[in-house]
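Take a look at the structure below.
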Amino acid sequence: MARQQLNELRLQRERMQHALALLVGANPEEFHIAPVDAELPTPLHPIPGMPSVLLERRPDVVSAEEKVKAANANIGVAKAAWFPVFNLTGYSGYGNTGYGPLLVAPNRLWSFGPTLSLPLFNGGQIAAANDLARAQWEESVANYRNTVLGAWREVEDQLAALRELEEEAEAAHGASEAAQQALEQARLRFEGGLTNRFEVLQAERTAALTLTGATQLRLRALASSIVLVKALGGGWSDLDSSDSEKSPAPAGVHS
Numbered sequence: 000m001a002r003q004q005l006n007e008l009r010l011q012r013e014r015m016q017h018a019l020a021l022l023v024g025a026n027p028e029e030f031h032i033a034p035v036d037a038e039l040p041t042p043l044h045p046i047p048g049m050p051s052v053l054l055e056r057r058p059d060v061v062s063a064e065e066k067v068k069a070a071n072a073n074i075g076v077a078k079a080a081w082f083p084v085f086n087l088t089g090y091s092g093y094g095n096t097g098y099g100p101l102l103v104a105p106n107r108l109w110s111f112g113p114t115l116s117l118p119l120f121n122g123g124q125i126a127a128a129n130d131l132a133r134a135q136w137e138e139s140v141a142n143y144r145n146t147v148l149g150a151w152r153e154v155e156d157q158l159a160a161l162r163e164l165e166e167e168a169e170a171a172h173g174a175s176e177a178a179q180q181a182l183e184q185a186r187l188r189f190e191g192g193l194t195n196r197f198e199v200l201q202a203e204r205t206a207a208l209t210l211t212g213a214t215q216l217r218l219r220a221l222a223s224s225i226v227l228v229k230a231l232g233g234g235w236s237d238l239d240s241s242d243s244e245k246s247p248a249p250a251g252v253h254s
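Just so you know, numbering that gives the first Met the number 0 puts 19 at position 20 of the sequence shown, and the rest follows in order with no gaps.
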């Protein structure tokens, strides 16, 4: 069983090495990573009650928020289109100098004294454009809300998974230490002639299995912490306690 697991791990390592070779554009047959005899790093421990402001760094949240801002700006532009824009050019040309015709005539350009320029106006086109901008804003806000809620759920799922894995890993570590102590005692009894070789072999097998289980759980916890960092859009080591009350929110409506 142990040899079979070792072979499977070696095969998994070869596959990952080949995948890395493709990522860097190297020949898989010539690409090799020297084995490193090192301790596994400790999984990252989240800060209790991390603020939701961390979600603002996620690319999807940033993108959704920018779309809200753009749609919000469009509403401002659509509403501003009802008002004339003064250009201080000193040019006096064709057009009506009153505001009354603005509401009834399809004039293309209004100018007087210092040039008074108005946007193209045909019937209810500006009103329709404003309604469209409003609808686009509402759509972008709904998308932003769904994006933030989805990010929140993803982070909560990873926090729960990491918490469970850490508890399991701690229990497995305790079981592995107990199995190692049992192995040492079995060896001492064997050396003292109090037991046979079979008991030592059984203790060795138990110690190996529990150590493997503890290591696998630790690897899963490490992978889960990496996914959590990705879900947050980054780590939390530089988190400022003053950010604890912040939360992402779309820009307000310009009226």
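Note that CB positions come from ideal geometry on N, CA and C, so glycine has one too.
Where does the unbroken alpha helix (DSSP H) through T209 begin, and where does it stop?
Residue numbering aside, residue 209 sits at position 210 when the sequence shown is read from its first letter. Looking at the DSSP string, the run of the alpha helix (DSSP H) that includes T209 is R196 to L231.
Presumed contact (8 Å Cβ cut-off) between M223 and L161, rounded CB distance
In the sequence shown, counting from the first residue as 1, residue 223 sits at position 224. In the sequence shown, counting from the first residue as 1, residue 161 sits at position 162. Reading off the sequence shown, one finds Ser at residue 223, where the question assumed Met. That belief holds up - the Cβ atoms of S223 and L161 are roughly 5 Å apart, short of 8 Å.
Test item: CB-CB of R219 and L164 under 8 Å
By 1-based counting over the sequence shown, the position of residue 219 is 220. By 1-based counting over the sequence shown, the position of residue 164 is 165. Result yes, Cβ atoms of R219 and L164 sit closer than 8 Å.
Does DSSP put E7 in a helix, a strand or coil?
Taking the sequence shown and counting its residues from 1, the one referred to as residue 7 is at position 8. Three-state result, E7: helix.
Is the separation between the beta-carbon of A275 and that of T205 shorter than 8 Å?
Nothing in the structure corresponds to residue 275, since the chain is present only between 0 and 254.
R57, DSSP secondary structure in three states:
What you label residue 57 is simply residue 58 of the sequence shown in a count that begins at 1. Reduced to three states, the DSSP call for R57 is coil.
If you draw a straight line from the C-alpha of E167 to the C-alpha of F189, how long is it?
The residue you call residue 167 lines up with position 168 of the sequence shown. The residue you call residue 189 lines up with position 190 of the sequence shown. For E167 and F189, the distance between alpha carbons rounds to 33 Å.
Report the three-state DSSP secondary structure of H17 (helix, strand or coil).
For the purposes of this step, residue 17 is identified with residue 18 of the sequence shown, where counting begins at 1. Residue state, collapsed to three classes: helix.
Just to confirm, are S139 and A70 a CB contact at a threshold of 8 Å?
Here the question's residue 139 lines up with position 140 in the sequence shown. Here the question's residue 70 lines up with position 71 in the sequence shown. Cβ atoms of S139 and A70: closer than 8 Å.
Return the chain-ordered list of same chain residues with a C-beta closer than 7 Å to the C-beta of G212, the five sequence neighbours on each side being excluded.
The residue you call residue 212 lines up with position 213 of the sequence shown. These residues qualify, in order along the chain: A171.
Using the Cβ count rule (16 or more neighbours within 10 Å means buried), how would you classify K229?
The residue given as residue 229 occupies position 230 in the sequence shown. So K229 counts as exposed.
The segment 149-157 contacting the segment 25-43, beta-carbon criterion three pairs below 8 Å:
no
Using 8 Å as the threshold, is the C-beta distance between A202 and A185 below it?
As a working note, residue 202 is residue 203 in the sequence shown. As a working note, residue 185 is residue 186 in the sequence shown. Against a cut-off of 8 Å, the Cβ pair of A185 and A202 comes out as a contact.
Answer yes or no: do K66 and N129 have a C-beta to C-beta separation smaller than 8 Å?
The residue you call residue 66 lines up with position 67 of the sequence shown. The residue you call residue 129 lines up with position 130 of the sequence shown. Their beta carbons are not under 8 Å apart, which means K66 does not touch N129 by this criterion.
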